[in-house]
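Trainee: Numbering-wise (the numbering used here), the sequence shown opens with residue 1153 and increments by one.
Note that CB positions come from ideal geometry on N, CA and C, so glycine has one too.
My questions all concern the structure below.
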Amino acid sequence: MSWFELLLIPLGFAVGAYGTLVGAGGGFVLVPVLLLVGTVPHPAQVTSDQREMLSSKLPDFATDSVLGSGQYIQEEQPAAVLTAVTRLDEESP
C-alpha cells in the first residue's frame, strides 16, 4: 500500500466527521459511480426503475451493461470489469 493510499484512510474519516458535524452526510465529496449490469436475467438484477432512481440521486452516476454476464460479472468476465474501471478512471477529473 502506497503512502497516498494510506493518506486516504484518515481523509475518509475526516470527511465523514465533517459531514456529520454539518449535517451534510459527506455529500460534498463527489465520486464517480459506475454500475455494471449483466444482460442475462437473474433474480438479483437491477431494474430500470432502480437505475433511474440511482441516476437521479447520484450526480456522477453511469451504468454499463456487459453482454452475456449474469449476477457475478467480476467472476464471469473480469476483463470487461477491468476495462470499465479503467475507462471510468480515465474519464474522471
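#1: In the DSSP assignment, the alpha helix (DSSP H) including Gly1190 goes from what residue to what residue?
#2: With a Cβ-Cβ cutoff of 8 Å, do Leu1188 and Ala1236 count as a contact?
#3: Please classify Ser1217 as buried or exposed, where buried requires at least 16 other C-beta atoms within 10 Å of its C-beta.
#4: Let me check understanding here. Comparing Cα to Cα, which of Leu1219, Gly1168 and Gln1223 lies closest to His1194?
#5: If you draw a straight line from the alpha carbon of Leu1210 to that of Ser1244, how long is it in whole angstroms?
Mentor: From the atom records:
#1: Careful: Gly1190 lies outside any alpha helix (DSSP H), inside the beta strand (DSSP E) at Val1185 to Gly1190.
#2: For the 8 Å CB-CB criterion, Leu1188 and Ala1236 form a contact.
#3: Burial is judged here by how many other beta carbons sit within 10 angstroms of a residue's own beta carbon; Ser1217 has fewer than 16 and is exposed.
#4: Comparing Cα positions, the closest option is Gln1223.
#5: Rounded to the nearest angstrom, the gap between the Cα atoms of Leu1210 and Ser1244 is 15 Å.
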